[in-house]
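*Asks:* When the count follows the numbering used here, it moves up by one through the sequence shown with no breaks and lands on 328 for the last residue. My questions will all concern the structure given below.
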Amino acid sequence: MVTEKKIKIAPSMLSADFSRMGEEVSKIVAAGADLIHLDVMDGHFTPNLTMGPQLIKSIRHYTNLPFDVHLMITHPQDYIDVFVDAGAEFITFHIEIDFPIQKVIDQIKSRGIRAGIALRPSTPISSVEPYLADLDLVLPMSVDPGFSGQSFMMSTLEKLDRLQQLIRERNTDIEIEVDGGITLDTARLVGSRGATILVAGTAIFGSDNVKEAINGLREAASA
């Protein structure tokens, strides 16, 4: 059953200072973050390398907030267990992988955590329809995956409208997450289209006042 959800802000650690990750986690927790977003890239699925399970495990004790792990990797099925063991509470993987999608969902759920599917900007929302009944989260990327600091793609809005429609039609409870180019202006746009989790990197870590940045994004998306 669909219920009204509060807007959650998930700072992206991709924009944090990697030389002091523990301190950065503590800072955003104190500023009111709802989740910690961790982008994992393998240099193959995306043209970048970021973090692995050891780094995630090393910052787990800095907070009890949920770790929202986004696997932008070619073979997520090989790494589910290590990321769960590192402290993930959400694992989101990409529907564009060359492996049975349902098997990966089942693998994630078998570990007692929440499963999500992400889509590149060029991938239609229709691709996730067969899996909605088993998902906790859908993430239509609003930038091409790989690097932080990109501009929001306005074509995402149409996809959010369609996704929100599908969720209402099926009367299911799924978080809609948006990642990429989130600012006060785009937060308003995605919030009005059903987004419940906003991932923001530069808008938070590039701010002089992290608490004001987080609160501002939440208020804008709730308006």
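C-beta: ideal position from N, C-alpha, C; glycine also.
1) Since L154 sits in a beta bridge, which residues does DSSP pair it with?
2) Just tell me which of S247, L262, T261 has its CA closest to the CA of Q255.
3) May I ask you to list the residues that DSSP assigns as paired with D173?
4) Could you check the C-alpha separation between F310 and K316 for me, to the nearest Å?
5) Quick one: any contact between the segment 142–154 and the segment 205–224, if contact means 3 or more CB pairs under 8 Å?
6) Rounded C-beta distance between M177 and H199? I'm assuming under 8 Å.
7) How many angstroms separate the CA atom of I281 from the CA atom of L237?
8) Using DSSP's beta-bridge definition, name the partner residues of F224.
9) Out of A318, G299, S297, which has the shortest C-alpha to C-alpha gap to T307?
10) Where are the alpha helix (DSSP H) runs, 4 residues long or more, that stay fully inside the segment 260–326, in chain order?
11) May I have the straight-line CA-CA distance separating A162 from V130, to the nearest angstrom?
12) When you compare the CB positions of A300 and A325, do they come within less than 8 Å of one another, or not?
13) Quick check: A305 and P116, are their CB atoms within less than 8 Å of each other?
14) Measure the C-alpha to C-alpha separation of P235 and L244 and round it to an integer number of angstroms.
15) Taking the straight line between their C-alpha atoms, what separation do you get for T168 and D190?
16) Looking only at its chain, what residues have a beta carbon closer than 7 Å to the beta carbon of G321, apart from the 5 residues adjacent to it on each side?
17) Just mark G127 as buried or exposed, buried being the case when its beta carbon has 16 or more other beta carbons within 10 Å.
18) Verify the CB distance criterion: does T168 have a CB-CB separation below 8 Å to chain B?
19) Taking the DSSP output, what are the residues bridged to R219?
20) Let me confirm a value: G285 is counted as buried when at least 16 other C-beta atoms fall within 10 Å, else exposed. Which label applies?
21) On the CB-based measure, 16 or more other CB atoms within 10 Å of its CB, does M106 come out buried or exposed?
22) For S117, which residues does DSSP report across the bridge?
23) Are the Cβ atoms of I302 and L140 separated by less than 8 Å?
*Replies:* The short version:
1) D147
2) Residue S247 is the option with its Cα nearest to Q255.
3) H142, F195
4) Put simply, the backbone Cα of F310 is about 10 Å away from that of K316.
5) no
6) 6 Å
7) Going by the C-alpha atoms only, they are around 12 Å apart.
8) This sequence places Leu at residue 224; Phe is not what is there. Partner(s): P245.
9) Looking only at A318, G299, S297, the smallest Cα-Cα distance to T307 is reached by A318.
10) 261–275, 289–296, 307–310
11) As written in the sequence, residue 162 is Lys, which differs from the Ala given in the question. So the two alpha carbons sit approximately 13 Å from each other.
12) no
13) yes
14) Cα to Cα, the separation comes out at about 15 Å.
15) 16 Å
16) L289
17) exposed
18) Annotation note: the requested chain B is absent from the structure, which comprises a single protein chain.
19) Paired residue(s): F195.
20) buried
21) Per-residue confidence for M106 stands at a pLDDT of 49, beneath the threshold of 50, marking its modelled position as unreliable; the derived number appears in the next sentence. It counts as exposed.
22) H142
23) Yes, Cβ-Cβ distance for I302 and L140 is below 8 Å.
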